[in-house]
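Participant: Sequential numbering of the sequence shown, starting at 36, is according to this note's numbering.
Quick reminder that beta carbons are idealized off the backbone N, C-alpha and C, glycines included.
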Amino acid sequence: MSTDRQIYSIDNQRDAIRNYAKVMGYDIVATYEDPGRSGLSLVGRPGLQQLLEDVESRRADFETVVVYDVSRWGRFQNTDESATYEYRCQMAGVRIEFCAELFVNDGSIGSDVLKAIKRSMAAEYSRMLSNRVFAGQSRIVALGFSGGGPAGYGFRRLLVDGSGNPKAMLHRNERKGLASDRVILVPGPKEEVSTVRWMFNQFVTKGKTEAEIATALNARGLVTERGRPWTKACV
Numbered sequence: 036m037s038t039d040r041q042i043y044s045i046d047n048q049r050d051a052i053r054n055y056a057k058v059m060g061y062d063i064v065a066t067y068e069d070p071g072r073s074g075l076s077l078v079g080r081p082g083l084q085q086l087l088e089d090v091e092s093r094r095a096d097f098e099t100v101v102v103y104d105v106s107r108w109g110r111f112q113n114t115d116e117s118a119t120y121e122y123r124c125q126m127a128g129v130r131i132e133f134c135a136e137l138f139v140n141d142g143s144i145g146s147d148v149l150k151a152i153k154r155s156m157a158a159e160y161s162r163m164l165s166n167r168v169f170a171g172q173s174r175i176v177a178l179g180f181s182g183g184g185p186a187g188y189g190f191r192r193l194l195v196d197g198s199g200n201p202k203a204m205l206h207r208n209e210r211k212g213l214a215s216d217r218v219i220l221v222p223g224p225k226e227e228v229s230t231v232r233w234m235f236n237q238f239v240t241k242g243k244t245e246a247e248i249a250t251a252l253n254a255r256g257l258v259t260e261r262g263r264p265w266t267k268a269c270v
């Protein structure tokens, strides 16, 4: 299981799988979940990794794996990757069933064709979503708003409404509550702004390296926006 909006929520998937198991007369002996994962890769999916390990090591005390639908098995950009993991389960004597699909995953020609189409649709959905997110973020940045993430040393995050009117200064780990609101970066405390200008001058005018600047900042007792000592990477 993995998360998505509405119909793909973890709770909805659990309920659907539980109801399917009841109808089929299955006992649920183990649950494998990957909450909040995109499903684009096996990396970062400990639930699927553990399932494959249990199945191939013959530790699995079950013969059937029930998945909500084809896309929940994975949205792998190479559809053969999705097929590979299912094949590995089959070779270990464990079959895969999809409780929300309109076809039975029985290895028939019709089933295989529909499953291949569903895999391609799942992969394409991820590609389209990625492109839309990138386009949306690019537009936000082009309009002068923050694209997300921490402000960085010498800056602060200011919450503004859709018209650009200031609403509140955001502290660390605070986020906007309304989709129509935006965040812009504004100069931070004067001492931080002054330090940033000093760093720039040291690097550009005096030819100091990042490591040398970090050493000088630490010698002055200054810390980063996270309250940590300066390093070459921070500079």
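1. When you compare the CB positions of L86 and Y67, do they come within less than 7 Å of one another, or not?
2. Who pairs with P201 in a beta bridge, going by DSSP?
3. For Q41 and R72, I'd like the C-alpha separation in whole angstroms.
4. Please list, in chain order, all residues of the same chain as L252 whose beta carbon is under 8 Å from its beta carbon, the five residues on each side excluded.
5. Quick check on the burial criterion: 16 or more other C-beta atoms within 10 angstroms. Buried or exposed for Y188?
6. In three-state DSSP terms, what is T99?
7. Can you tell which of D62, I63, L77 has the C-alpha that lies nearest to the C-alpha of D69?
8. Taking the Cβ atom as the reference point for each residue, do E88 and V129 lie within a distance shorter than 7 Å?
9. Take D147 and list the residues in its own chain whose beta-carbon comes closer than 8 Å to its own, dropping the five residues that flank it on each side.
10. Quick one: what's got a C-beta closer than 7 Å to C134's C-beta in the same chain, skipping five residues either side?
11. Alpha carbon to alpha carbon, how far is N236 from S106?
Facilitator: This is what the structure holds:
1. Residue mapping note: residue 86 aligns to position 51 of the sequence shown, counting from 1. Residue mapping note: residue 67 aligns to position 32 of the sequence shown, counting from 1. For L86 and Y67, yes; Cβs fall inside 7 Å.
2. Translated into the one-based positions of the sequence shown, residue 201 becomes position 166. DSSP output for P201 lists V195 as bridge partner(s).
3. Taking the first residue of the sequence shown as 1, we reach residue 41 at position 6. Taking the first residue of the sequence shown as 1, we reach residue 72 at position 37. Its pLDDT being 48, under 50, Q41 is placed unreliably by the model, and nothing is read from it.
4. The residue labelled residue 252 in the question sits at position 217 within the sequence shown. Sequence-distant partners of L252 (beyond 5 residues in either direction) whose C-beta falls short of 8 Å from its own C-beta, in its chain, are T230, M234, W265, V270.
5. Walking along the sequence shown from the start, residue 188 turns up at place 153. Note on Y188: 16 or more other CB atoms within 10 angstroms of its CB, so buried under the neighbour-count rule.
6. One-based indexing of the sequence shown puts residue 99 at position 64. Of the three classes helix, strand and coil, the one that applies to T99 here is strand, per DSSP.
7. In the sequence shown, residue 69 corresponds to position 34, counting from 1. The candidate whose alpha carbon is nearest that of D69 is L77.
8. Residue 88 sits at position 53 when you count from the first residue of the sequence shown. Residue 129 sits at position 94 when you count from the first residue of the sequence shown. Not closer than 7 Å, so no.
9. Your numbering for residue 147 matches position 112 in the sequence shown. Annotation for D147: no residue places its beta carbon closer than 8 Å to its own, counting only its chain and skipping 5 residues before and after.
10. The sequence position of residue 134 within the sequence shown is 99, counting from 1. So the list reads A51, I52, Y55, V101, Y103, once near-sequence residues are dropped.
11. By 1-based counting over the sequence shown, the position of residue 236 is 201. By 1-based counting over the sequence shown, the position of residue 106 is 71. Taking the straight line joining both Cα atoms gives about 53 Å.
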